[in-house]
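Comments concern the structure below.
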Amino acid sequence: MGHVSTGKSYINEEPGLKSWFTSLDHKRIAILYFVAVMTFFLIGGIMALLLRLELFSPNTAGSVMEHIPNFLRKAGDTPADLYNQVMTYHGAMMVFMVIVPGIPAIFGNFFLPLQIGAKDVAFPRLNLLSWYVFMAGAALAVSTFFFSKIDTGWTFYTPYSIRSGTSVVMMVVAAFIMGMSSILTGLNFIVTVHKLRAPGMTMWRMPLFCWAIYSTAIIQVLATPILAITLLLLAMERTFGVGIFDPKLGGDPVLFQHFFWFYSHPAVYIMILPAMGIISELITTYSKKTIFGYTAIAYSSIGIAAVSFFVWGHHLFVSGQSEVAGIVFSFLTMLVGVPTAIKMFNWLATLYKGSIEFRAPLLYALGFLFLFAIGGMTGVILAVTAVDVHFHDTYFVVAHFHYVMVGGTLMAIMGGLFHWFPKIFGKMHSETGAIMSWVFIFIGFNVTFFPQFILGAKGMPRRYFDYIPEYEQLNKISTVGSWLIATGFIIALITVIKGLTSGAKAPKNPWGSKTLEWHAESPPIMHNFEQDPIVTAGPYEYK
Amino acid sequence: MNWLIVMNKLLLAKSAVAGTFMPVQATEISKQVDNLYGFLVVVSFVSCAILIGGMIYFAVKYKRKTQNDKTAYITHDTRLEVLWSVIPLIVFLLVFAWGWIIYHDMRTMPTNALEIQVTGKQWAWSVDYKNGVKASEVVVPVNRDVKLILASDDVIHSFYVPSFRIKQDAVPGRYTALWFRAEKLGEFHVFCTEYCGTSHSRMLTKLRVVSQADFDKWLTEESDVSGLPLAQRGAKIFQTRACASCHSVDSPVVKVGPSLKARWGTPLNVEDGTTGVFDENYVRESVMLPQQKIAKGFPKPSPMPSFQGQLSEAEMIALIEYIKGLN
Amino acid sequence: MAHGHNEHHIMPLKTYLKVAGALFLLTFLTVGAHVLREHFEPFSAVIAFAIASVKAYLVMAFFMHLKYDVPSNRLIFATGFLFLALLFGICMLDIYTRIFQGNVL
Amino acid sequence: MSTSRLVNGVEVASHYRDANHQYQSNKEGLWLFMVTEILMFGGLFVGYIIFHGIYPEMFAEGARSLDWKMGFINTLVLIFSSFTMALGIYFIQVKQNKKATIALAVTIACGFVFMLIKYLEYTHKFHLGLYPGRMLHMHEGAPEHANLGMYFGFYYCMTGLHGIHVMIGMGLIGWVMIKNMRGDFNEKYFTPVEGVGIFWHIVDLIWIFLFPLLYLVG
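Heads up: the sequence lines are chains P, E, A and G, in that order.
For the first sequence, the numbering used here assigns the number 10 to the initial residue and increments by one for each residue that follows.
For the second sequence, the numbering used here assigns the number 100 to the initial residue and increments by one for each residue that follows.
For the third sequence, the numbering used here assigns the number 714 to the initial residue and increments by one for each residue that follows.
For the fourth sequence, the numbering used here assigns the number 1310 to the initial residue and increments by one for each residue that follows.
Shown next, in the form of structure tokens:
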């Protein structure tokens, strides 16, 4: 690109494995997160396949869980117990160890400073510390596997979690520790956005990915402390029988649900907002067109972050919450639908009169729009009190949140990965491989989860180890779909590995994108930019 | 106007969609829920069609032709943006209000309803009628308001009848309630929908809707079990106490606890290494104090609840007689 | 960075002494009100928390220098209390409407 | 990556423009962290108030077993320590670092006194068998309310978590005190002291509300 590169980059500037684990560079820390999160994703994914395999047919024919080797089992665990454990690990790992840290800690860490023209995040030491804290929590969570396991579901509802004979306290402490990591990351990003923007990079010139990460960070800081105290109280409850959440001792299990969802509903937006940020980037880049309604999308990120704190009670419509509270929450939930709709229409309008290039990231972005439209609308269905009474805790809910979390967040992660792969690793990946992975994941996803809407409508409850025969056919289809998804991810993995080992050297800006990270070398040097950037225009000036 | 035609079409589509894939509509409420759901599905379908259809249309139409394609520079359009904020908002508020009306009906208990006490415990429902009849399934008369008062012995359960579109958590430490008025005769599934441990997925029972005459007959018959032979009485207790959710009786398959098929009189290996015989005293002890002698290979502590103080001696004898008969 | 090079505001020692004095005084006042609480019922709790709030304000404004800090930091700190109020408000809404809803049970 | 340079006697990390830039960023990070502290303790307060509303008599019984005089002394001790903490920063600002060290040392001493009184209170409770939750086992008489353990659950949770914060705060003050003795701070650079100070005031702030909540209102 008419520019002499020194060949130095953040990857090779400091040699040796040890330098990676002590590095304060935000890009290296992002890579550390990337490796860790992808490992947990693999484990969580295997668990998911196991669950689907179990549900391939009703239990009369015997259970897949019987084939789990003995050293992984607690004495006396029935197949149903094993299923419940796998179900819990799948949920807890995917939530706390994959999707919540996923985009912010990997892509946020890597690209937030690059996109706003900063040399690093505000607190590099804290950033590295967050990774270690996260790993400590994750290690503790995984180690429950070698103690009494955990079978409460990722929601830890009392009083079941008080009575369960599994390592609930350990898991709860692990989630607490990972929560601390999440808080520190969020705090770091907020200050980075406030204070480290390059000269000329006003808030309203920030790429929308930064707005999304910023909104997410606000939720992380404000919501996670409540989870922390809730989990501590649960640990107290188990060790001392304090009775705050235990009805036997005069406590209120519904209050636990309030406290839990005060965090966990906003956490849903911790999972999806950054994904929306990535989609904004992908759609403008590959349609070579400025984003439609920049201000509206930015405000809607903040709007979603704010309203997300007011809607948690829609998880409690049939829990014994009062009718008044149910109505209030249903109303407020409707309000969160509006900024989401705004985003969807703005992305659509961005495609209008663009010059759309069908690369894998764009396909992932379109896949996102497709799946998120379905996930979002079924979300509205579930927010309507009377209808939710029927659908609550059925497979309809399972399908809905997978459409949002997997169809949304995971599609965005994959799209972001192939979009930024040349920037992160300085090598080009195979376009065919990336597109093939999309085909399998997209089709597989719909085959897996669309039947679950119907199962839910027919009344099949979630977290069921076994089901009545009339649900068999749809379950079979769903299981077959899960194999397609797995194939897609294997293709993606091969594509990534091949790109890493034998990819051609990536140019600075292979996709012709306008945001600031593409002005840095591929891969970027230690301090990101050769010369401190000065920003004079908005992020998407495709004229 | 065109709008009217569109609205009319939507309403028609709605009633066609209502009930698609849904279980039988066995109550008035379930029809209302399905109508609202049908409307939501149509709205969802329309909005997905706009979004996804638009997306595919644009993607094909504006496919990149050359590397130097000129693109339009459109930053925003306030009128459009207001439009697609306000229209969804109106739709959302509409369905919210509609949902509220039905939800309010669901949550408002009728007066003069037939009250039945339903208690969840790991992992069975027990149903108590006013006249003292205890059952493991819910039997109700058709076309009559029925109010279920829910309670739980241990953890949270949730009482769900898909065909009635009703669901309510049974929360330990307090009472919750739900009501319905069944309009169809027949048997309907009852599921537990709040995760409650090992046999959560087997915490099923039936809700049987019968005519008023059959209901009265059933209630008297049930209250008059003392005339039955011992083993039949035992079978009844075995059923009402939901022993069958953990112990199989017709095959040696292990559900949660040991199968009782052809078990009587066989030698016994206790988990602590001692041995014995599966006899009257062992059965009695296992029912009253399940943690005492856990059969080898089964979880410790045993998930079996203690029935101490819940079963009378007469009932215990009947139960033992029934188990004897399984050989 | 409203303060330019003069970023650290220095409060005179006298102000610290005054604030500390006020805090001690208010603490005695709290205890005094507690001892004489029979005379104040049913407002004794309100009085105790009103005094505590004044004390909290003094600590935040002067000891924590929030009075002289940039507005954004004041806003950030206030957000914490705001969201706490939210959690409290809605939990109370549920629990109290649960108690008073006659039609369910 | 964090290489740093010296600007006017202040070490400035390379990703900051100048000392003030760095200072303002650190300060904002600190305040954000304090928000999480407030929210975490706040969750406990919300739980306490809700259950106080449900079981007022039980809470009154629990509060009667506390000695408000102990709480009162501790309040005074903490307020005084907050004052000396603020003085510590003041003295660094006016270049009297020796006096600052003394002020910080007094603050730590106050922390010790606070923890000592807490220790006495705790051991007294243990002596009476007033443990949290199901471990509650009064040696004399029986509790009037069966779930009195919940009150002590809250009591130990809240004061315990607060106590942990006091100890962390003491450690942090010790750290900045040593740094101050080594001459790491001057009137231009004392961000760690300020941060630790804000943390310590938060600890004080929480106690200002805990005292009436646990000891007085009950």
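Don't be surprised by glycine CBs; every beta carbon is placed ideally from N, CA and C.
Per DSSP, what are the beta-bridge partners of residue i in this structure?
i       : result
E:F290  : E:Y259
E:R280  : E:D244
E:L306  : E:V237, E:F287
E:T126  : E:A281
E:F394  : Per the sequence shown, residue 394 of chain E should be read as Ala rather than Phe. Looking at the DSSP assignment, E:A394 forms a beta bridge with E:V369.
E:I215  : E:L247
G:N1335 : In the DSSP output, where bridge partners are listed per residue, G:N1335 has none listed.
P:N537  : P:I534
P:T403  : P:P470
P:K436  : P:K514
E:K162  : P:I365
E:T275  : E:L249
Are the Cβ atoms of residue i and residue j separated by less than 8 Å?
i       : j       : result
G:M1343 : G:T1410 : no
P:F326  : P:V398  : yes
E:V217  : E:L179  : no
E:A158  : E:F263  : no
A:F753  : A:I764  : no
P:I300  : P:T359  : yes
P:H528  : P:P519  : no
P:S157  : P:T175  : yes
G:A1372 : G:G1506 : no
P:V393  : E:V194  : yes
E:A417  : E:G364  : no
P:S1    : P:V415  : Absent from the model: residue 1 of chain P. The displayed extent of chain P is 10 to 552, so no value can be given.
E:V254  : E:G296  : yes
G:F1463 : G:Y1357 : yes
A:L800  : P:F340  : no
G:L1457 : G:E1370 : yes
Determine the extent of the alpha helix (DSSP H) in which residue i is found, giving its start and end residues.
i       : result
A:F741  : 726-748
E:K368  : According to the sequence shown, residue 368 of chain E is Asn rather than Lys. Looking at the DSSP string, E:N368 is not in any alpha helix (DSSP H); the run it does join, the beta strand (DSSP E), is 366-368.
E:I201  : 177-206
G:G1458 : 1457-1490
E:L374  : The question names Leu, yet the displayed sequence has Thr at residue 374 of chain E. First-last for E:T374: 374-376, but that is the beta strand (DSSP E), not the alpha helix (DSSP H).
P:I292  : 262-296
G:W1306 : Nothing can be reported for residue 1306 of chain G: it is not among the residues displayed for chain G, which extend from 1310 to 1527.
G:V1415 : 1406-1437
P:T304  : 303-316
P:D90   : 88-101
P:G346  : 332-360
A:A763  : 757-771
Along the beta strand (DSSP E) that carries residue i, what are the first and last residues, could you check?
i       : result
E:S385  : Element bounds for E:S385: not the beta strand (DSSP E) but the alpha helix (DSSP H), 379-387.
P:V251  : Run containing P:V251: none; DSSP gives neither H nor E here.
E:W224  : 223-227
G:G1314 : The question names Gly, yet the displayed sequence has Arg at residue 1314 of chain G. Note, G:R1314: beta strand (DSSP E), 1313-1316.
E:Q267  : 265-269
P:A513  : First-last for P:A513: undefined, no H or E at that position.
G:A1322 : 1319-1322
Can you find at least 3 beta carbon pairs, one from the region 779-794 of chain A and one from the region 1327-1346 of chain G, that sit closer than 8 Å? yes
Answer yes if the region 267-275 of chain P comes into contact with the region 230-249 of chain P, meaning at least three C-beta pairs across the two stretches below 8 Å, and no otherwise. yes
When the Cβ atoms of the region 727-746 of chain A are set against those of the region 1410-1421 of chain G, are three or more pairs found closer than 8 Å? no
Specify whether the region 244-264 of chain P and the region 1440-1450 of chain G touch according to this definition: at least 3 beta carbon pairs, one from each stretch, less than 8 Å apart. yes
Stretch pair the region 361-379 of chain E + the region 256-273 of chain E: three plus CB contacts closer than 8 Å: no
Using 8 Å as the cut-off, can you tell me whether the region 521-537 of chain P makes contact with the region 421-437 of chain P, which would need three or more C-beta pairs spanning the two stretches below that distance? yes
Answer yes if the region 220-230 of chain P comes into contact with the region 218-235 of chain E, meaning at least three C-beta pairs across the two stretches below 8 Å, and no otherwise. no
4-residue-minimum alpha helix (DSSP H) runs that sit fully inside the region 156-181 of chain P, ordered along the chain: 169-172
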